[in-house]
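A quick write-up on the structure given underneath.
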Amino acid sequence: MILVLLGPPGVGKGTQGARIAVHYDVPTISTGAIFREAVARGTELGRIIQRVKIDQGEFVPDEIVVKAVRERTSEHDCDTGYLLDGFPRTVPQAEALEAMLSEKKLRLTAAIEFNAPIDQIISRFSGRRVCPVDGATYHIENQPPNHAGLCDICNSQLTTRADDAPDIVRKRMQVFAEKTAPLLEYYSIQGLLYEIDASAEPETVFGQVVTVLDGLK
Ligand code: AMP
Numbered sequence: 000m001i002l003v004l005l006g007p008p009g010v011g012k013g014t015q016g017a018r019i020a021v022h023y024d025v026p027t028i029s030t031g032a033i034f035r036e037a038v039a040r041g042t043e044l045g046r047i048i049q050r051v052k053i054d055q056g057e058f059v060p061d062e063i064v065v066k067a068v069r070e071r072t073s074e075h076d077c078d079t080g081y082l083l084d085g086f087p088r089t090v091p092q093a094e095a096l097e098a099m100l101s102e103k104k105l106r107l108t109a110a111i112e113f114n115a116p117i118d119q120i121i122s123r124f125s126g127r128r129v130c131p132v133d134g135a136t137y138h139i140e141n142q143p144p145n146h147a148g149l150c151d152i153c154n155s156q157l158t159t160r161a162d163d164a165p166d167i168v169r170k171r172m173q174v175f176a177e178k179t180a181p182l183l184e185y186y187s188i189q190g191l192l193y194e195i196d197a198s199a200e201p202e203t204v205f206g207q208v209v210t211v212l213d214g215l216k
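Number 216 marks the last residue of the sequence shown (numbering that gives the first Met the number 0); no jumps.
Set out below in structure tokens:
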């Protein structure tokens with residue numbers, strides 16, 4: 000199973016991606032998490048990313064993103080499939096993914112589009128917390144960690160994302176509308192797009208996802 004998760008920033012792709020990954024036993028590949036981790040670790044990729052100002056909502060150039068995804072999806076845990084969260088984000092990235100898959104004689108299973116009213120999305124940002132070490136995502140009300148402020152997986156102190164500040168969120172929404180929304184048509188034309196109402200509780204949203212994915216088997 001190879002899935003693309005689509006939808007505006009803050010709609011719940013990270014939360015749903017984590018659930019899908021556990022339920023179907025496939026890894027989640029989040030390009031945003033890969034970049035944040037690279038910056039935190041000060042790797043060569045991290046130094047390149049730092050120049051792009053991702054914490055201001057700027058996009059990383061397509062060729063760098065595509066290379067990172069190519070490398071990550073070549074690891075063995077991806078042999079039976081994976082979820083892509085935050086990639087592709089532009090039509091050229093989607094074309095690069097298609098080329099990458101067809102080289103390996105693989106095909107995308109589905110693109111899942113998560114939708115929610117904009118006001119609800121904006122209010123979700125203020126409660127979002129992330130683990131700087133493993134990228135796990137929480138929400139102080141909707142999806143709290145077991146111990147307040149600490150990651151369930153590695154016990155690190157949770158932080159807020161610099162790019163969740165309200166003015167940067169507005170910019171990210173604009174960039175989504177300009178560059179990423181065209182992907183919905185791209186996948187719809189191919190008959191690969193499945194729409195999910197992400198305004199409900201995470202459990203209910205996940206139920207919709209499972210119905211769609213089990214229907215594809
Ligand atoms: P995310 O965690 O998916 O919201 O990504 C955080 C930031 O990383 C984005 O605002 C971009 O600056 C950068 N980024 C992540 N994925 C991509 C991508 N596929 N293309 C370009 N930039 C990306």
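Even glycine gets a Cβ: it sits at the ideal position worked out from N, Cα and C.
Spatial distance of residue i from residue j (CA atoms)
i: Q92; j: K104; result: 18 Å
i: I15; j: R50; result: Residue identity differs from the one stated: residue 15 is Gln in this sequence, not Ile. So the alpha carbons of these two residues sit roughly 30 Å apart.
i: Y186; j: D151; result: 35 Å
i: E57; j: R171; result: 8 Å
i: A147; j: D118; result: 26 Å
i: E194; j: S125; result: 25 Å
i: S198; j: I120; result: 9 Å
i: T79; j: I33; result: 20 Å
i: G206; j: A95; result: 31 Å
i: D84; j: D163; result: 17 Å
i: R18; j: A135; result: 11 Å
i: P7; j: L107; result: 20 Å
i: S155; j: M0; result: 31 Å
i: E184; j: L192; result: 8 Å
i: V211; j: V168; result: 30 Å
i: L44; j: V208; result: 33 Å
i: L182; j: Q189; result: 11 Å
Identity of the residues DSSP links to residue i by a beta bridge
i: I28; result: L83
i: A110; result: V3, L192
i: T229; result: Residue 229 is absent from the model: the chain starts at 0 and stops at 216.
i: Q142; result: H138
With 16 other Cβ atoms within 10 Å as the buried cut-off, status of residue i
i: D133; result: exposed
i: V59; result: buried
i: V21; result: exposed
i: T179; result: buried
Test item: CB-CB of residue i and residue j under 8 Å
i: A39; j: P131; result: yes
i: T30; j: F113; result: no
i: G9; j: R160; result: no
i: V25; j: L82; result: yes
i: D61; j: T89; result: yes
i: I63; j: I47; result: yes
i: P201; j: G13; result: no
i: A98; j: L2; result: no
Beta carbon proximity, residue i to chain C, threshold 8 Å
i: G126; result: This model lacks chain C altogether, as it is built from one protein chain only.
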